[in-house]
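Take a look at the structure below.
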Amino acid sequence: MKRHKSSCYCINLRRVTNAVSNLYDTHLAPLDITVNQFSLLRNLGRLGTCSVSELAAYVGLERTTLVRTLKPLIVRGLIWDASEAGQRNRMLQLTKEGKEMVESGGPLWENAQREIERRIGKENMKQFFEILENLEKD
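Residue numbering for the sequence shown follows my numbering, starting at 4 and increasing by one per position.
Right, dumping it as structure tokens:
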């Protein structure tokens, strides 16, 4: 069946973001990790030890969305709760395995980056990011 070309900006942007996420997920599939999970690991690695709220603010996600994405990473032993017993605010850290995952996934993520750049073109990417920044402005 032929895909309907929508005039709705929202639907078109969602379709494209799903395609981009799928491309990254395909590249990261050998590690059994999604691009969303990999991104959280990378960003947590940059921050070191931080609270869930700090990580949510840093990556621009709602706290509840972040917690849902973190759960499987904690279960897999890639992230651990470094907070002291009885402390209300969870403090997160990458485990040794989490750091290894970031290191192993780096080249796979880079391959996805290069594929996107190849499809769109380096100059077009610069303009594309400027357009996206305008959409994020209030």
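Ideal Cβ positions, reconstructed from N, Cα and C, are used throughout, including at glycine. These numbers come from a predicted model, not from an experiment.
- Taking 8 Å as the upper bound for CB-CB distance, Leu26 and Glu118 are in contact here, some 6 Å apart.
- By the criterion of at least three beta-carbon pairs nearer than 8 Å, the segment 62 to 72 is not in contact with the segment 13 to 25.
- Annotation: the continuous alpha helix (DSSP H) that includes Asp28 extends over Tyr12 to Leu31.
- Approximately 22 Å separates the beta-carbon atoms of Ser42 and Asn92; this is outside 8 Å, ruling out the contact.
- Between His7 and Gly108, the alpha-carbon positions lie close to 35 Å from each other.
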